[in-house]
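One structure is given here, and the rest of the page talks about it.
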Amino acid sequence: MKLYYSPAACSLAPHIALIEAGIKFDAVLASTKTHKLADGTDFYSINPLGYVPVLELDDGTRLMEGAAIVQYIADLAPEKKLAPANGTMDRYKLQSLLHFISTEIHKGFAPLFKPGMPEEAKQMAKDSLANRLKWVDGELAGKQFLMGDTFTVADGYLFNVTNWAAFVKVDISSFTNLLAFRERVAARPAVQQAMKAEGLIK
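All residue numbers for the sequence shown refer to this note's numbering, where the first residue is 8 and numbers rise by one.
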């Protein structure tokens, strides 16, 4: 199994999930700037859309989109409880969280990474993100993780995308539940291992 990733990108979430699940895999660096692999392979030949993550199975099947990939990983190791069982209401709640993180937070950060973005537009994006993060902060009140006391792939994804706040100057200092959550997730051995592998921490 191979995970095509770029450091600090949204591929960190499946990177964390794979380690949490105890699954053996090869991490393959795919530059989002050159769209080349280390051996010169054109990344567009792997994902025509040109972005990470991509999970390549041993039979050559390729799975794209982070929210789908992390659920697939979780289902490979059900004993790790990274996702509730398929068909349960809790699984649908997890899917709801993953979709929210993907469409409202992940995509909410996207405009802030675009060079030349007008300051007025940036501020509008930041205000929109603040509203979404306020809701997340409320959801985390009295909880260790998004689904309660059990770490799931949604937590890895939320941690991943909220890492970007410092890079694009989104102030999350008022979201105390989110900050405490981020500290708990950052301390997990699998998260430490994934971040070290991507060169994000020493």
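Even glycine gets a Cβ: it sits at the ideal position worked out from N, Cα and C. Being a predicted model, the structure only gives us computed values, none of them experimental.
Counted within 10 angstroms of its Cβ, other Cβ atoms place residue i as buried (16 or more) or exposed
i      : result
ASN93  : exposed
LYS209 : exposed
HIS106 : exposed
TRP142 : exposed
GLY115 : buried
PRO60  : buried
PRO122 : exposed
Close Cβ partners of residue i (< 7 angstroms) along its chain, the five nearest in sequence each way excluded
i      : result
ARG189 : PHE166, THR169
ILE108 : ALA161, TYR164, LEU165, VAL168
CB-CB length for residue i against residue j, believed under 8 angstroms
i      : j     : result
PHE200 : ILE26 : In the sequence as displayed, the identity of residue 200 is Gln instead of Phe. Going by Cβ atoms, the distance from GLN200 to ILE26 rounds to 5 angstroms, so yes, they are a contact pair.
LEU83  : ILE23 : LEU83 to ILE23, Cβ: 14 angstroms. No contact.
Length of the line joining the Cα atoms of residue i and residue j
i      : j      : result
ALA37  : PRO118 : 22 angstroms
GLY206 : ALA15  : 9 angstroms
ILE53  : ALA20  : 19 angstroms
GLU146 : GLN102 : 15 angstroms
SER181 : ASP49  : 43 angstroms
CYS17  : TRP171 : 10 angstroms
LEU62  : LYS9   : 6 angstroms
Sequence-distant residues of the same chain with beta carbon closer than 6 angstroms to residue i, five excluded per side
i      : result
PHE158 : PHE152
| request: Only counting runs of 4 or more residues, tell me where the alpha helix (DSSP H) segments fall wholly within the region 123-172, in order along the chain. | output: 126-146, 160-169
| request: Pick out the complete alpha helix (DSSP H) segments inside the region 47-117, 4 residues or longer, and give them in chain order. | output: 73-83, 96-107
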